[in-house]
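Peer 1:
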Amino acid sequence: MSDETTLSRRGFFTKMGILFNGMVAAALAVPMVAFLLSSIARGRGNGYLSWVPVGRVSDFPEGQTRLATFRNPFVMPTDGKTVDTACWVRHIAGDQFQVFAINCAHLGCPVRWFQQSGLFMCPCHGGAYYRDGSRASGPPERGLFEYPYKVQDGMVNIQAGELPTPGAAIAALTGEKPSCAS
Amino acid sequence: MRIMIGKIGQWFDRRLQLAAPIREAVQHRIPRQTASWWYVFGSAALAVFMLQIVTGILLALIYVPSAAEAWSSLQALNHDVTLGWFIRAMHGWGSNFMLAIVLIHMMQVFLFGAYKFPRELTWIVGIFLLLMTLGMAFSGQVLRFDQDAYWGLGIGASISSRLPILGPAMVRLLLGGPIIAGATLSRFFALHVFVLPGLLIAFVGLHLLMVLTLGINEWPMPGRVVKRATYVSEYHELTKNDGAPFFPYGAWKDLFFAACVILAVAACALYFGPFGPTGQPDPTIIPTAPKPDYFFLWLYALLSLLPPSLETPALLIGPVVVIVGLLLLPFLSGEGEKSWTRRPIAVLTVLLIAITLGTFTHLAEFAPWSPHMSAWSGDPVPVRLLHGTTALQRQGALVFQVKQCRNCHSLGDSGGQRGPALDAVAVRLTQDQLIRQVIQGGGNMPAYGKNLSPAETTALVAFLETLHPAGQAPARDASRDAVLSDNQVKSSGGQPKD
Numbered sequence: 367m368s369d370e371t372t373l374s375r376r377g378f379f380t381k382m383g384i385l386f387n388g389m390v391a392a393a394l395a396v397p398m399v400a401f402l403l404s405s406i407a408r409g410r411g412n413g414y415l416s417w418v419p420v421g422r423v424s425d426f427p428e429g430q431t432r433l434a435t436f437r438n439p440f441v442m443p444t445d446g447k448t449v450d451t452a453c454w455v456r457h458i459a460g461d462q463f464q465v466f467a468i469n470c471a472h473l474g475c476p477v478r479w480f481q482q483s484g485l486f487m488c489p490c491h492g493g494a495y496y497r498d499g500s501r502a503s504g505p506p507e508r509g510l511f512e513y514p515y516k517v518q519d520g521m522v523n524i525q526a527g528e529l530p531t532p533g534a535a536i537a538a539l540t541g542e543k544p545s546c547a548s
Numbered sequence: 002m003r004i005m006i007g008k009i010g011q012w013f014d015r016r017l018q019l020a021a022p023i024r025e026a027v028q029h030r031i032p033r034q035t036a037s038w039w040y041v042f043g044s045a046a047l048a049v050f051m052l053q054i055v056t057g058i059l060l061a062l063i064y065v066p067s068a069a070e071a072w073s074s075l076q077a078l079n080h081d082v083t084l085g086w087f088i089r090a091m092h093g094w095g096s097n098f099m100l101a102i103v104l105i106h107m108m109q110v111f112l113f114g115a116y117k118f119p120r121e122l123t124w125i126v127g128i129f130l131l132l133m134t135l136g137m138a139f140s141g142q143v144l145r146f147d148q149d150a151y152w153g154l155g156i157g158a159s160i161s162s163r164l165p166i167l168g169p170a171m172v173r174l175l176l177g178g179p180i181i182a183g184a185t186l187s188r189f190f191a192l193h194v195f196v197l198p199g200l201l202i203a204f205v206g207l208h209l210l211m212v213l214t215l216g217i218n219e220w221p222m223p224g225r226v227v228k229r230a231t232y233v234s235e236y237h238e239l240t241k242n243d244g245a246p247f248f249p250y251g252a253w254k255d256l257f258f259a260a261c262v263i264l265a266v267a268a269c270a271l272y273f274g275p276f277g278p279t280g281q282p283d284p285t286i287i288p289t290a291p292k293p294d295y296f297f298l299w300l301y302a303l304l305s306l307l308p309p310s311l312e313t314p315a316l317l318i319g320p321v322v323v324i325v326g327l328l329l330l331p332f333l334s335g336e337g338e339k340s341w342t343r344r345p346i347a348v349l350t351v352l353l354i355a356i357t358l359g360t361f362t363h364l365a366e367f368a369p370w371s372p373h374m375s376a377w378s379g380d381p382v383p384v385r386l387l388h389g390t391t392a393l394q395r396q397g398a399l400v401f402q403v404k405q406c407r408n409c410h411s412l413g414d415s416g417g418q419r420g421p422a423l424d425a426v427a428v429r430l431t432q433d434q435l436i437r438q439v440i441q442g443g444g445n446m447p448a449y450g451k452n453l454s455p456a457e458t459t460a461l462v463a464f465l466e467t468l469h470p471a472g473q474a475p476a477r478d479a480s481r482d483a484v485l486s487d488n489q490v491k492s493s494g495g496q497p498k499d
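Residue numbers (this note's numbering), protein chains in the order written: chain X, 367 to 548; chain U, 2 to 499.
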């Protein structure tokens with residue numbers, strides 16, 4: 367019916383059919399990819415960060431470091447206990463605090479505070495930090511992550527909502543700590 | 002009866018027309034020597050994969066992929082549902098067996114030169130199968146939603162976040178949001194149950210199809226060299242002259258080995274039981290020491306032993322180099338000798354990789370780099386070290402204990418191993434060196450200057466100076482001795498001896 371140079375009616379409709387399917391697929395790909403990538407887009411501009419209370423100022427004796435827990439500012443019904451997070455609150459003096467993420471700056475394992483030796487120690491690969499969060503020894507390349515905090519009406523509030531990792535917004539907010547025993 | 006079955010069979014085959022191609026596949030000729038026990042690992046991996054599909058579907062009947070309920074549904078499987086523990090154990094042990102068999106299969110294929118022309122694509126598809134199997138192992142560990150899974154995800158997130166520019170986006174894509182939560186488990190469930198198994202089935206099909214169409218790799222003979230121009234006709238010659246039908250000639254060994262492997266999985270499941278779950282995935286429970294499953298332990302060790310400055314480059318570049326290397330292998334050595342007896346570098350490479358992975362895995366099992374968190378309160382200073390000591394030295398032993406030195410330093414084989422054992426430290430360091438080390442730290446030891454009063458330091462160093470083997474003198478600062486004796490001589494008004 368058709369040779370190589372002319373386009374038959376059936377050939378034309380087949381090509382149009384493929385094109386039509388391609389257009390439908392492309393049109394549907396937009397919402398599908400947008401859905402798939404929505405977890406990235408949601409985080410843009412740190413819109414998920416929010417102030418949450420970790421306790422009263424009186425809960426944290428001056429000069430000491432205490433474990434506190436807080437609830438993630440955004441909660442989904444299937445989150446269970448994963449939205450409850452721990453942090454270390456160091457009350458320096460008066461309204462001066464340092465609130466450290468529980469996650470080691472190396473690979474995110476939960477660090478433990480040892481009052482007697484004034485060190486945070488990580489159970490995974492042996493990272494250690496001084497009481498001010500600066501790196502003491504082990505594989506971490508930086509000090510502990512710190513949450514921004516503010517004291518309001520006798521409550522200590524921190525800006526939370528993101529898992530602290532070396533590339534995360536919280537890490538960028540507070541900057542790097544010098545790695546010396548100051 | 003027989004006639005009846007035959008008739009029913011014919012009825013179906015008239016419509017399906019599958020009997021002829023199946024007969025052809027089953028009876029295809031294989032080189033006689035390949036009917037060997039060395040050629041059973043691929044089919045064993047397939048058998049375990051099918052076991053994983055069956056047990057996985059059974060588990061999905063009870064398991065709830067919700068961060069709020071996954072852990073309790075695993076508890077229900079372990080304790081409440083009839084034989085739930087056994088199905089969980091089979092699935093867990095099946096995963097370990099599958100990875101082990103896939104690795105052995107890969108090693109055999111490599112040593113037998115089976116990746117060479119014309120089976121390059123079979124090897125490449127195999128590499129993807131390996132990566133997917135590793136993906137199944139990791140995502141499966143996440144579905145066992147316990148403390149190890151939670152903190153393992155944190156480790157995954159920390160590694161992803163080190164990607165330049167894309168890091169933070171990768172973390173949120175991996176976790177399904179800014180934190181490890183419900184969405185994280187749901188997406189790993191989708192990966193483990195839909196995406197990866199679907200891909201695995203498709204790729205296994207492709208892999209098998211190529212084994213059938215290209216023929217199983219012949220037994221490598223030293224001197225029988227692969228050449229692109231002649232290989233295919235040589236192979237056909239071989240199967241014609243020295244071949245036999247796959248069924249039953251080669252198949253019976255596959256069948257026996259597959260059954261043995263499945264039995265071994267069941268035996269391990271019966272004897273050892275299911276894996277975990279460990280504690281609840283509650284991030285406020287922090288006294289936990291997360292560890293990955295067996296097959297990722299080597300990575301866990303590597304992450305501790307790499308110098309910090311090399312870690313990020315190694316994590317980002319290492320996997321790319323390894324995967325690209327594996328994919329390029331059949332193109333770099335697509336021809337030539339297949340026999341391992343003529344390929345010493347190939348044999349050495351396999352040995353080196355096996356020893357390296359084995360050593361790292363062994364190291365990770367007892368993690369000498371982690372402080373023993375309870376050594377300071379649980380492992381007392383051995384009493385024999387305190388015999389005949391002064392009050393000051395005993396006070397020093399107390400400081401040693403209370404300041405958690407034990408968490409990293411062992412005495413009498415108990416305590417941490419992060420730092421050196423201190424049983425003979427006085428032989429290595431003089432008093433001044435001890436004081437300096439305690440106060441300023443160094444060599445991966447934190448500085449304790451701010452945490453010890455001068456009195457505590459004095460006592461601690463006095464204790465450390467007693468730590469030397471009987472009959473071996475502690476280290477002395479010779480110049481200091483000289484100065485001191487000089488002063489003594491001067492103060493007593495006498496003359497120096499020499």
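In this text, a Cβ means the ideal position worked out from N, Cα and C, and glycines have one as well.
Ignoring anything shorter than 4 residues or poking outside the region 30-71 of chain U, list the alpha helix (DSSP H) runs there in chain order.
Peer 2: Segments of the alpha helix (DSSP H) lying fully in the region 30-71 of chain U: 42-61.
Peer 1: My output table needs one value for P169(U): the three-state DSSP class, helix, strand or coil.
Peer 2: Position 168 of the second sequence, counted from the first residue, corresponds to residue 169(U). Reduced to three states, the DSSP call for P169(U) is helix.
Peer 1: Whether or not the region 374-389 of chain X and the region 486-493 of chain X are in contact is what I'm after, with contact meaning three or more pairs of Cβ atoms, one per stretch, closer than 8 Å; do they touch?
Peer 2: They do not touch, by the three-pair rule.
Peer 1: With DSSP collapsed to three states, give me the class of K8(U).
Peer 2: In the second sequence, counting from the first residue as 1, residue 8(U) sits at position 7. If DSSP states are grouped into helix, strand and coil, K8(U) belongs with the helices.
Peer 1: Kindly indicate which three-state DSSP category W253(U) falls into: helix, strand or coil?
Peer 2: The count along the second sequence starts at 1 and reaches residue 253(U) at position 252. W253(U): helix per DSSP, three-state reduction.
Peer 1: In this structure, does DSSP put I180(U) in helix, strand or coil?
Peer 2: In the second sequence, the residue the question calls residue 180(U) occupies position 179. I180(U) falls in the coil class under three-state DSSP.
Peer 1: Residues of chain U with CB closer than 9 Å to the CB of F426(X), please, in chain order.
Peer 2: To locate residue 426(X), count along the first sequence from 1; it is residue 60. Result: empty, since nearest Cβ-Cβ is about 17 Å, beyond 9 Å.
Peer 1: Taking only three categories from DSSP, how would you classify G492(X)?
Peer 2: The sequence position of residue 492(X) within the first sequence is 126, counting from 1. It is coil, neither helix nor strand.
Peer 1: Going by C-alpha to C-alpha distance, which of L239(U), S140(U) and M133(U) sits closest to I202(U)?
Peer 2: Stepping through the second sequence from its first residue, residue 202(U) is reached at position 201. Comparing Cα-Cα distances from I202(U) to each of L239(U), S140(U) and M133(U), the minimum goes to M133(U).
Peer 1: If we define contact as Cβ-Cβ less than 8 Å, is K447(X) a contact residue for chain U?
Peer 2: Taking the first residue of the first sequence as 1, we reach residue 447(X) at position 81. K447(X) counts as touching chain U.
Peer 1: Provide the residue span of the alpha helix (DSSP H) that contains Y236(U), from first to last.
Peer 2: Position 235 of the second sequence, counted from the start, is the residue given in the question as residue 236(U). From DSSP, the alpha helix (DSSP H) with Y236(U) extends over Y232 to N242.
Peer 1: Of the choices L47(U), R477(U) and G397(U), whose alpha-carbon is the least far from that of R429(U)?
Peer 2: Residue 429(U) sits at position 428 when you count from the first residue of the second sequence. Checking every option, the nearest Cα to that of R429(U) belongs to R477(U).
Peer 1: Rounded to the nearest angstrom, how far is the Cβ of G527(X) from that of N438(X), given a contact under 8 Å?
Peer 2: Position 161 of the first sequence, counting from 1, holds the residue named residue 527(X). Position 72 of the first sequence, counting from 1, holds the residue named residue 438(X). That pair is a contact at about 6 Å.
Peer 1: Does the Cβ-Cβ distance between Y414(X) and P179(U) come in under 8 Å?
Peer 2: Looking up residue 414(X) in the first sequence gives position 48. Looking up residue 179(U) in the second sequence gives position 178. In this structure, P179(U) lies closer than 8 Å to Y414(X) by Cβ.
Peer 1: Beta carbon of W124(U), beta carbon of P331(U): below 8 Å?
Peer 2: Taking the first residue of the second sequence as 1, we reach residue 124(U) at position 123. Taking the first residue of the second sequence as 1, we reach residue 331(U) at position 330. Yes, they are a contact pair.
Peer 1: Roughly how many whole angstroms lie between the Cα atoms of P275(U) and R343(U)?
Peer 2: Stepping through the second sequence from its first residue, residue 275(U) is reached at position 274. Stepping through the second sequence from its first residue, residue 343(U) is reached at position 342. Roughly 44 Å separates the two Cα atoms.
Peer 1: With 16 as the cutoff for other CB atoms within 10 Å, does N469(X) come out buried or exposed?
Peer 2: Position 103 of the first sequence, counted from the first residue, corresponds to residue 469(X). Classification for N469(X): buried.
Peer 1: With a Cβ-Cβ cutoff of 8 Å, do Y295(U) and N445(U) count as a contact?
Peer 2: As a working mapping, residue 295(U) is identified with position 294 in the second sequence. As a working mapping, residue 445(U) is identified with position 444 in the second sequence. Contact flag unset, no.
Peer 1: Is it buried or exposed, Q430(X), if we count other Cβ atoms within 10 angstroms and call 16 or more buried?
Peer 2: Looking up residue 430(X) in the first sequence gives position 64. With fewer than 16 Cβ atoms within 10 Å of its Cβ, Q430(X) is classed as exposed.
Peer 1: How do the region 98-114 of chain U and the region 37-52 of chain U stand: do at least 3 beta-carbon pairs fall below 8 Å, yes or no?
Peer 2: With the cut-off at 8 Å, the region 98-114 of chain U and the region 37-52 of chain U touch.
Peer 1: In this structure, how does DSSP classify R478(X) when only helix, strand and coil are distinguished?
Peer 2: For the purposes of this step, residue 478(X) is taken as residue 112 along the first sequence, with counting starting at 1. R478(X) falls in the strand class under three-state DSSP.
Peer 1: Does the region 230-244 of chain U come close enough to the region 204-221 of chain U to have 3 or more Cβ pairs within less than 8 Å?
Peer 2: Because the criterion of three Cβ pairs below 8 Å is met, the region 230-244 of chain U and the region 204-221 of chain U touch.
Peer 1: Would I31(U) and A259(U) qualify as a contact pair, given that the criterion is a beta-carbon distance under 8 Å?
Peer 2: Sequence index remark: in the second sequence, residue 31(U) carries index 30 (1-based). Sequence index remark: in the second sequence, residue 259(U) carries index 258 (1-based). In this structure, A259(U) does not lie closer than 8 Å to I31(U) by Cβ.
Peer 1: Pick out whichever of S374(X), Q462(X), D445(X) and V455(X) has its Cα sitting closest to the Cα of G177(U).
Peer 2: Your numbering for residue 177(U) matches position 176 in the second sequence. With distances taken between Cα atoms, G177(U) lies closest to D445(X).
Peer 1: Under the three-state reduction of DSSP, which class applies to G155(U): helix, strand or coil?
Peer 2: Counted from its first residue, the second sequence places residue 155(U) at position 154. Note: G155(U) maps to helix in three-state DSSP.
Peer 1: G509(X): beta carbon under 7 Å from a heavy atom of the ligand PLP?
Peer 2: Among the ligands in the structure shown, none appear at all, so the ligand PLP cannot be discussed.
Peer 1: Counting only runs that start and end within the region 377-406 of chain X, where is the alpha helix (DSSP H) found for 4 or more residues in a row?
Peer 2: For the region 377-406 of chain X, not a single whole alpha helix (DSSP H) run of length 4 or above is found.
Peer 1: Please go through the same chain and pick out, in chain order, the residues whose beta-carbon is closer than 8 Å to the beta-carbon of L192(U), but skip the five residues on each side of it.
Peer 2: Position 191 of the second sequence, counted from the start, is the residue given in the question as residue 192(U). Taken in chain order, the residues that qualify are G136 and S140.
Peer 1: What residues in its chain sit with their C-beta under 6 Å from that of F426(X), if we drop five residues either side in the sequence?
Peer 2: Sequence index remark: in the first sequence, residue 426(X) carries index 60 (1-based). Taken in chain order, the residues that qualify are R432, V455 and H457.
Peer 1: With DSSP run on the structure shown, which of helix, strand or coil describes V382(U)?
Peer 2: Reading the second sequence from its first residue, position 381 is the one you call residue 382(U). Note: V382(U) maps to coil in three-state DSSP.
Peer 1: Would you mind reading off the limits of the beta strand (DSSP E) that contains Q28(U)?
Peer 2: As a working mapping, residue 28(U) is identified with position 27 in the second sequence. Where Q28(U) is concerned, there is no enclosing beta strand (DSSP E), although the alpha helix (DSSP H) it sits in stretches over A20 to Q28.
Peer 1: What is the DSSP secondary structure of G337(U), counted as helix, strand or coil?
Peer 2: Within the second sequence, numbered from 1, the residue matching residue 337(U) stands at position 336. G337(U): strand per DSSP, three-state reduction.
Peer 1: When burial is assigned at 16 or more other CB atoms within 10 Å of the CB, is C490(X) buried or exposed?
Peer 2: As a working note, residue 490(X) is residue 124 in the first sequence. C490(X) comes out buried.
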